[in-house]
Amino acid sequence: MRLMRIFSGIQPSGDAHIGNYSGGFRQYAATQEQGEAFFCIVDLHAITIDHDPAALQEGTLDIAAMLFATGIDPDRATVFVQSHVTAHTEATWLLSSVASHGQLGRMTQFKEKSAEESFISAALFTYPVLMASDILLYRTDIVPIGDDQRQHLELTRDIAQRFNSRYGETLVVPKGVYPETGGRVMNLQEPAVKMSKSRGAESGTVLMLDPPETIRKKLKTAVTDSGNEVRHDPEEKPGISNLIELMTVVTGDSIKDVESRYDGKGYGDFKSDVADAIVELLTPIQPRYHELRQDPAELFRLLAVGAEKARAESEPTLTKMYEGMGFARP
Ligand code: TRP
């Protein structure tokens with residue numbers, strides 16, 4: 272029987288934080304157990320908005336090191352860089368002929384990002400077609416992905432279905448898997464703002480590479496709400512509820528477990544325990560990260576192995592696409 276095929280794409284931006292861990296790295300390490308997993312560092316997507324050429328390679332290697340450090344096993348899963356596998360750009364051209372211009376223009380992410388940019392590139396508009404190519408080339412069944420990518424995943428499904436109905440059954444129509452509640456970690460200083468490296472107070476973002484003292488300080492100064500009761504109630508208590516969710520992300524315990532463990536204890540004890548739990552989580556990850564990150568030759572070697580596997584998997588799908596569309600093949 273064919274194993275379940277899992278695919279996800281990760282932006283090569285540096286400075287990963289605990290919100291990325293919650294919605295990303297944690298899921299990736301877990302999903303590699305469920306089938307054949309492909310994790311693609313999407314450097315081609317990074318150029319759709321203004322980007323810094325000097326930072327692109329660094330960001331790519333940062334993310335690669337973080338994926339391996341957080342538990343992706345290169346023997347089990349395939350980790351590769353999008354631009355190393357040329358099938359992605361080729362498939363994007365083919366699929367852009369079955370992607371609807373009107374539907375691309377209705378993508379919320381395109382509308383939001385184009386409102387922020389002074390130069391709106393054509394690549395920002397076709398971004399979702401490249402994403403569809405990533406997914407469809409691997410005959411993907413399951414895409415673990417953030418809630419904000421739902422519309423892009425639906426577009427991918429539409430593209431696959433349209434391709435199949437025009438040119439015959441060729442592409443697998445994938446399903447999105449979205450994180451359950453708790454996947455969304457908010458800024459510790461501004462619990463209404465999602466934790467991010469570009470938005471919200473810096474002191475409210477816990478970085479994967481923060482030293483223990485910094486983590487303890489950030490937790491100590493995290494905003495809490497009136498009262499002193501550790502109870503999950505995002506409406507009334509957005510600050511403490513975020514810390515409870517953070518605790519569940521880091522330890523794997525349920526919200527109920529956390530609430531009952533802190534029944535009768537106050538915010539102070541709880542905050543310092545959340546800090547300890549984060550430090551404990553990161554203690555093995557950080558040295559693994561630094562060791563790999565200081566060895567670019569080894570990272571490039573691992574990524575070359577990944578690219579080789581990715582090419583072998585994607586080429587047959589690309590060939591079928593060309594054939595189905597009626598191209599004279601060499
Ligand atoms: N657009 C996704 C994001 O911003 C990243 C991405 C690119 C992706 N290609 C993908 C995610 C394929 C899943 C599958 O998060």
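Per this note's numbering, the sequence shown runs over residues 272 to 601. C-beta: ideal position from N, C-alpha, C; glycine also.
Every unbroken stretch of the alpha helix (DSSP H) spanning 4 or more residues and falling wholly within the region 343-367 is given here in chain order: 358-367. Not a single heavy atom of the ligand TRP lies less than 8 Å from the C-beta of F434. In terms of Cα proximity to V400, the closest of E425, L480, I277 and F309 is E425. Non-local C-beta neighbours of V448 in its own chain, meaning closer than 6 Å and more than five positions away in sequence, comprise I413 and P415, ordered along the chain. Residues V456 and M466 of the same chain have their beta carbon placed closer than 6 Å to that of G290, with the five preceding and five following residues left out of the count. Linking S585 to Y409 through their CA atoms gives a straight-line distance of about 5 Å.
Taken through DSSP and simplified to helix, strand or coil, I318 comes out as coil. Relative to E500, the option among R532, A578, G285 and V369 whose CA is nearest is R532.
Membership of R276 in any alpha helix (DSSP H) is not indicated; the residue belongs instead to the beta strand (DSSP E) covering R276 to I281. Closest in alpha carbon position to A394, among Q353, G595 and T319, is T319. Residues of the same chain with a CB within less than 8 Å of the CB of P567, apart from the 5 flanking positions on each side, are L332 in chain order. Around the beta carbon of H423, a 10 Å sphere encloses 16 or more other beta carbons of the protein chains shown; the residue is thus reported as buried. When secondary structure is reduced to three states using DSSP, V501 falls in the coil class, being assigned neither helix nor strand. If you check the CB distance, G295 and I312 do not come in under 9 Å. DSSP, reduced to helix, strand and coil, places V400 within a helical segment of the structure shown.
By a beta-carbon distance limit of 8 Å, A403 contacts T427. Their separation comes to about 4 Å.
In this structure, the CA atom of A493 is about 45 Å from the CA atom of A431.
Taking 9 Å as the cut-off, the beta carbon of V369 is found no closer than this to the beta carbon of L573. Using a 10 angstroms sphere on the CB of S512, the tally of other CB atoms reaches 16 or more, which defines it as buried. For the 9 Å CB-CB criterion, Y292 and V520 form a contact. When the Cα atoms are used, P445 and L589 turn out to be separated by approximately 17 Å.
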